[in-house]
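If you read the sequence shown in numbering that gives the first Met the number 0, its first letter stands for residue 0, the second for the next number, and so on.
Quick reminder that beta carbons are idealized off the backbone N, C-alpha and C, glycines included.
Everything on this sheet refers to the single structure shown next.
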Amino acid sequence: MNRPDFSDYLVHFSTDEAPKGGIDGNPVGNISALSAKDRIISILNEKTIRASSMPWTGAKAVCFIECPWSSLLAHTQVYSPYGVGFTKKTIFSQHVGPAIYIRTDVFNKQKNSGAFAGLLWSFITPFSPAYRPYSMKKAKYDIGTCDYTHEREWRTPHDFKFEYNQIEFVILNSHSDLVDFPENLKNEIGIDKFIIMDNYKFVETLWPVHKI
Numbered sequence: 000m001n002r003p004d005f006s007d008y009l010v011h012f013s014t015d016e017a018p019k020g021g022i023d024g025n026p027v028g029n030i031s032a033l034s035a036k037d038r039i040i041s042i043l044n045e046k047t048i049r050a051s052s053m054p055w056t057g058a059k060a061v062c063f064i065e066c067p068w069s070s071l072l073a074h075t076q077v078y079s080p081y082g083v084g085f086t087k088k089t090i091f092s093q094h095v096g097p098a099i100y101i102r103t104d105v106f107n108k109q110k111n112s113g114a115f116a117g118l119l120w121s122f123i124t125p126f127s128p129a130y131r132p133y134s135m136k137k138a139k140y141d142i143g144t145c146d147y148t149h150e151r152e153w154r155t156p157h158d159f160k161f162e163y164n165q166i167e168f169v170i171l172n173s174h175s176d177l178v179d180f181p182e183n184l185k186n187e188i189g190i191d192k193f194i195i196m197d198n199y200k201f202v203e204t205l206w207p208v209h210k211i
């Protein structure tokens, strides 16, 4: 499908921040001191994205974002200008599926009743939009504004392993990043698969068509 609001690709972005699910007991806690760029290099060298502890549920998951071209710049500003992209077909084959956004009142009831199956926890994120009613904002279960629906996130409940020929693109911030990038990775992945965000920003400066 060729639509501006739809993409055949999913991206895992790295970040400079500590894991949102905390460091203690988190499988990715050992890379929390690395920069976003170094985390991507580590992922590519290992050919593995490690499952991380999720906030609110504590379940382990690897997260991907559906990324239409028009949203790429906005996503890099939220997370980092470093990421790796795959087709949905490649990702779905490893038991990856769309995340499940659940209203916090429903989330609270289901959690307290133990109604969620164990594996389901990896896919769940509470949904608490800014436009929720006042009664929900004052409820004990309220967690503040939590709305990731624009990301159309996908998740898998285990480490995501891949081969270099399955990578569709790698996102880097600048030309100097590409120059300094490990030669073995550029050769194995193919230099034509690297997207430089400085180029994207320059195009947006000349032809600003996206509001971010």
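Around Arg-38, the same chain offers Ser-13 and Ile-30 as residues with beta carbons nearer than 7 Å, after the five sequence neighbours per side are excluded.
With fewer than 16 other beta carbons inside 10 angstroms of its own, Arg-2 counts as exposed. Distances from the alpha-carbon of Phe-126 to those of Val-105, Phe-115 and Lys-137 put Val-105 closest. In this structure, Val-95 sits near Thr-155, with a CB-CB distance shorter than 8 Å. The Cβ neighbour count for Ser-112, taken over all protein chains shown within 10 Å, is under 16; the residue is labelled exposed.
By the C-beta density criterion, His-149 is exposed, having fewer than 16 other C-beta atoms within 10 angstroms. Under DSSP, Pro-125 takes part in a beta bridge, and its partners are Ile-101. Assignment of beta strand (DSSP E) within the stretch 64–108, counting only whole runs of 3 or more residues, yields 82–86 and 99–102 in chain order.
Partner residues in the beta bridge of Trp-153, as assigned by DSSP, are Phe-63 and Pro-97. Taking every protein chain shown into account, the CB of Val-61 has 16 or more other CB atoms within 10 angstroms, so this residue is buried.
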